[in-house]
Structures are given as C-alpha cells and as structure tokens.
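The structure appears below as structure tokens.
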Amino acid sequence: MRPIYLDNNATTRVDPEVVQAMLPFFTDHFGNPSSMHGFGASAGAAVKEARRQVQALIGAECDHEIAFTSGGTESDNAAILSALEVMPRRTEIVTSAVEHPAVLTFCAHLEKTRGVKVHRIPVDRQGRLDLDAYRAALTPHVAIVSIMWANNETGTIFPVVELAELAKEVGALFHTDAVQAVGKLPMDLKSTAIDMLSLSGHKLHGPKGIGALYVRRGERFHSLIKGGHQERGRRAGTENTPGIVGFGKAAELALNFMDDENTRVKALRDRLEKGLLQRIPNAFVTGDPLERLPNPANIAFAYIEGEGMLLLLHREGIACSSGSLEPSHVLRAMNIPYTAAHGAIRFSFSRDNGEEDVDRVLEVIPGIVEKLRALSPLRAGDEVPKSFDPV
Ligand SMILES: *Cc1c(COP(=O)(O)O)cnc(C)c1O
C-alpha cells in the first residue's frame with residue numbers, strides 16, 4: 103500500500119527538479135560565493151539567480167531585499183530582534199496569540215530577558231484576529247508588529263496588508279511570518295506597507311534548513327548572526343549555496359504551481375472536508391471558513407483523542423497531524439471546547455496529492471472514529487458548540 107502524506111504544513115517533499123538544480127553545487131560548483139576566482143563566481147551567480155526567483159515569488163521591488171537565512175525560525179527571530187535594536191526607545195511588541203512558536207517563544211524570551219512588553223492579540227472562535235484589540239495595542243511605544251500571514255494549523259488568513267498600514271500610522275515596523283502563505287497566496291510586497299517577511303524553503307517543496315527574510319529597501323537592519331559581510335551584512339556565515347539554489351528553484355516552481363494549489367489542491371481539500379462531515383456526526387471544521395489557505399483541513403472530531411486517531415491512521419499508512427496530549431495553543435486561543443479540540447486533526451495537502459488520497463481517507467476514517475468513540479472517556483452529552491457549523 104502506498105503511504106499517503108497529508109502533513110504538508112509540517113514539511114513538504116523536495117521537488118525532484120529542486121534536487122537536480124542543487125546537485126552541481128555540492129560538486130562542480132562548490133566554490134565560496136564570496137571568493138574572487140571562477141569557482142566562487144559560478145556559485146555567486148547562482149545565489150543571485152535564486153534571490154531573483156524569491157523576489158519574483160513575493161513581488162519584492164529588488165533582489166537585495168532578500169537575505170537568505172537558515173529557515174523560517176531564524177527569519178522570525180532576526181526580524182523581531184532587529185526592530186528592537188533599531189528603535190531602542192520603543193519597548194513593546196504586538197503579536198497574536200496564535201503565532202508559530204518561532205515568534206511566540208522568542209517574544210516570551212525577550213519579555214523575560216529584556217523586559218519588553220508583549221501584546222498577544224486574541225482571536226475569536228473562528229480564529230479571526232480581534233481588530234479592536236489590535237488597534238488599542240498600537241501606540242508609539244510599539245517597535246514592531248509581528249503577525250502571521252496565514253496560520254499553520256487552521257490555515258486562517260490574517261489581513262496583513264491592512265494591519266501593516268495601521269502599524270505604520272504609529273511608526274511601528276510590520277513583520278509577517280508568511281511561511282505558510284508564500285506560494286499559496288499571490289503576493290506583491292512592493293505595493294504594501296509590510297517591512298519584513300519570513301519565508302522557509304521546506305514548506306514549499308524546497309530543502310530544509312534554508313529560508314529568507316525580506317527587508318524593505320532602505321529599512322535599517324541589525325543582523326542576528328554576527329560575523330562576515332555575507333548577505334550585505336544582514337546574515338553572516340558562508341552562504342548555503344546548494345540550499346539557496348534549491349530554495350530559488352522551489353520558489354520558481356511555487357509560482358508556476360500557485361494556480362494548481364488554488365484549484366485542484368483546494369478541491370481535494372474541500373472534498374475531504376465535505377466527505378468527512380457527511381459521514382461523521384459531531385465533526386467540525388476549525389478556522390475561518392472564508393479567509394483561509396487552500397490546502398489544510400483542520401477538523402475537530404468531538405469525543406476522541408487526536409493522538410489515538412493519528413496512531414490508527416498511521417497503521418493505515420496515512421500521515422497527518424494533531425496536537426500532542428493537550429490541544430494546541432491555537433485551538434485554545436480560539437476557545438474551542440475541550441471535548442472537540444482534543445480530537446482535532448490537521449490534514450494538509452500539496453501538489454503531490456491526488457483524488458485517490460481523499461478516497462482512501464474517507465474510506466478508513468469513519469471506522470476509526472467509531473472505534474475511538476466507543477473507547478472514549480469524553481462522552482456525547484458534553485457540550486458541542488453550535489457555532490461550529492460546517493462550511
Ligand atoms: C514551519 C513554520 C515556521 C518555521 O520554519 P522553519 O524553516 O522550520 O524554521 C515558522 N512559521 C510557520 C508559520 C511555520 O509553519
């Protein structure tokens with residue numbers, strides 16, 4: 103039986119074209135991109151090409167706005183720290199309660215070690231940002247707003263273009279973790295007020311351990327990693343040439359596949375969702391039914407434990423994801439009742455999936471849910487929210 107991979111928000115398979123593009127940079131073109139000789143020149147040219155490919159994907163104004171990093175986590179940390187250093191008199195950060203740990207854990211660290219004040223803007227039951235709370239938190243004390251473009255668990259999209267304009271009104275920098283949104287949503291950064299944006303290679307069929315931070319032209323920036331002058335002083339350390347080349351190729355392919363993502367892939371996701379809700383009582387889609395990414399379905403199956411479900415799906419050769427023993431911080435922030443949040447499962451699709459994957463999941467899940475519910479200490483009769491109408 104062919105294993106089925108539906109955990110593409112955790113990581114994606116590297117595209118074979120990406121692997122092909124990378125290989126020569128381990129062997130023939132192994133030079134240091136900063137070296138003056140021919141070995142360095144061919145590597146340097148490839149890095150420049152990759153920068154242009156990433157620039158095109160996000161609609162940046164020029165390729166120098168892209169600095170390569172070790173991934174989404176480093177980009178998030180670097181953006182936030184830079185803002186605090188560039189504007190030392192501003193000591194507050196505005197973020198959301200549902201960010202990736204790459205932002206939330208770093209903000210908590212800064213709170214502890216530097217005494218900065220962190221505003222964590224809450225969300226509603228459908229994961230939508232509380233705009234009144236956001237406006238109230240924006241004052242001239244804020245150095246940076248860091249709010250994700252789309253949520254990795256539910257796929258909910260935040261209105262970052264508008265949020266950035268509001269941040270600008272109080273002179274704060276605006277950063278967005280766009281790791282999940284890049285390649286799925288069209289972007290034209292040059293026409294927005296977004297100052298910094300994080301991307302990661304392995305979420306878009308590129309290699310792991312490579313990412314980028316977009317920093318708007320003319321913006322002052324203090325690098326997180328200090329050392330040599332690589333990446334125009336924004337990120338020290340010899341460039342990961344194979345990774346950068348692979349990331350560039352992945353960015354080019356992502357642009358070509360964006361249409362597929364929003365039509366065919368979205369249709370697969372929608373069919374899975376609809377099929378599951380039809381077959382299984384007391385199951386609900388979490389997240390904003392309107393503003394969300396085309397590829398993930400986060401479904402709460404009331405009265406089961408997600409971990410048990412994951413295990414049984416694994417035995418059937420199906421890989422997806424759930425919170426660990428406790429519901430995730432995202433679902434808790436959404437105030438989803440425990441009896442439902444506990445059984446939340448995320449199925450995330452990509453261009454590698456097909457109709458047969460949906461067929462298979464629809465075939466096996468009803469039996470699994472029935473089995474788990476028969477064993478569950480969580481019982482029907484405990485409250486299930488009426489507001490979770492299936493989309
Ligand atoms: C995966 C992910 C990250 C972290 O990226 P890495 O490249 O794995 O460090 C950050 N933010 C979001 C939203 C993610 O999904």
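Residue numbering for the sequence shown follows the working numbering, starting at 103 and increasing by one per position.
Glycine included, C-beta positions come from ideal geometry on N, C-alpha and C.
Assign residue i to buried or exposed, taking buried as 16 or more other Cβ atoms, counted over all protein chains shown, within 10 Å of its Cβ.
i, result
"L233", "exposed"
"F451", "buried"
"Q122", "exposed"
"D491", "For D491, the predicted model reports a pLDDT of 43, less than 50, meaning its position is unreliable; a value from the coordinates is still stated below. Classification of D491: exposed, given that the 10 Å Cβ count is below 16."
"F128", "exposed"
"R333", "The amino acid at residue 333 is misidentified as Arg; the sequence shows Glu. With 16 or more other Cβ atoms within 10 Å, it is buried."
"N437", "exposed"
"A476", "exposed"
"S137", "exposed"
"S489", "Residue confidence is low: S489 scores 46 on pLDDT, short of 50, so the model does not pin down where it sits. Its coordinate-derived value is still stated next. S489 is exposed by the Cβ-count criterion."
"G350", "buried"
"G217", "exposed"
"R318", "buried"
"N110", "buried"
"P135", "buried"
"S293", "exposed"
"G408", "buried"
"C164", "exposed"
"N358", "exposed"
"Q155", "buried"
"E167", "buried"
"L125", "exposed"
"P190", "exposed"
"P479", "exposed"
"H304", "buried"
"T215", "exposed"
Does the distance from the C-beta atom of residue i to that of residue j stay below 9 Å?
i, j, result
"M298", "S423", "no"
"A148", "H131", "yes"
"I346", "A152", "yes"
"V284", "A169", "no"
"E363", "N400", "no"
"T256", "T388", "yes"
"L415", "A421", "yes"
"L265", "L291", "no"
"G445", "A404", "yes"
"V120", "H307", "yes"
"T278", "W251", "yes"
"S300", "V272", "no"
"L287", "L395", "yes"
"G174", "A204", "yes"
"V367", "N253", "no"
"I406", "V463", "no"
"F386", "A369", "no"
"D434", "A443", "One detail in the question is off: residue 434 reads as Arg in this sequence, not Asp. Yes, the Cβ-Cβ distance between R434 and A443 is below 9 Å."
"F276", "V188", "no"
"I160", "M289", "yes"
"L474", "G425", "no"
What residues in its chain sit with their C-beta under 7 Å from that of residue i, if we drop five residues either side in the sequence?
i, result
"A112", "S423"
"T171", "S177, A180, G313, A314, L315, R337"
"E213", "V220"
"E321", "D297"
"E267", "A295"
"I327", "R337, A338, G339"
"S430", "E255"
Take residue i and list the residues in its own chain whose beta-carbon comes closer than 8 Å to its own, dropping the five residues that flank it on each side.
i, result
"N342", "F170, S172, G311, I312"
"G329", "A338, G339"
"D117", "H307, G308, K351, A352, L355"
"G142", "G133, N134, P135, S136"
"T241", "E194, V272"
Beta-carbon within less than 6 Å of residue i's beta-carbon, same chain only, minus the 5 sequence neighbours each way: which residues are those?
i, result
"P105", "G419"
"D390", "Q228, G229, R230, T258"
"E496", "Given a span of 103 to 493 for the chain in the structure shown, any question on residue 496 remains unanswerable."
"A239", "V196, H221"
"Y107", "A421"
"R381", "P468"
Using beta carbons (cut-off 9 Å, strictly below), is residue i in contact with chain B?
i, result
"T340", "Protein chains in the displayed structure number just one, and chain B is not present."
Item to check | In chain order, each beta strand (DSSP E) run of at least 3 residues that lies wholly inside the segment 243–284 | outcome: 244–248, 275–279
Checklist entry - Taking one C-beta from the segment 454–466 and one from the segment 214–232 each time, how about it: are there three or more such pairs within less than 8 Å? => result no
Item to check | Inter-stretch contact (C-beta, 8 Å, three-pair minimum) for the segment 234–250 and the segment 182–196 | outcome: yes
Checklist entry - In the segment 154–188, which residue ranges form an unbroken alpha helix (DSSP H) of at least 4 residues, counting only runs that do not cross its ends? => result 174–188
Next on the checklist: For the structure I just gave you, are there three or more beta carbon pairs, one from the segment 362–382 and one from the segment 438–451, closer than 8 Å?
Outcome noted: yes
Item to check | Complete beta strand (DSSP E) runs within the segment 388–433 (minimum length 3 residues, chain order) | outcome: 398–403
Next on the checklist: As an exercise, report each continuous alpha helix (DSSP H) stretch of at least 4 residues that is fully enclosed by the segment 349–393, in chain order.
Outcome noted: 368–381
Checklist entry - Taking only runs of the alpha helix (DSSP H) that begin and end inside the segment 103–127, which ones reach a length of at least 4 residues, in chain order? => result 118–124
Checklist entry - In chain order, which beta strand (DSSP E) runs of at least 3 residues are fully inside the segment 295–330? => result 298–302, 313–317
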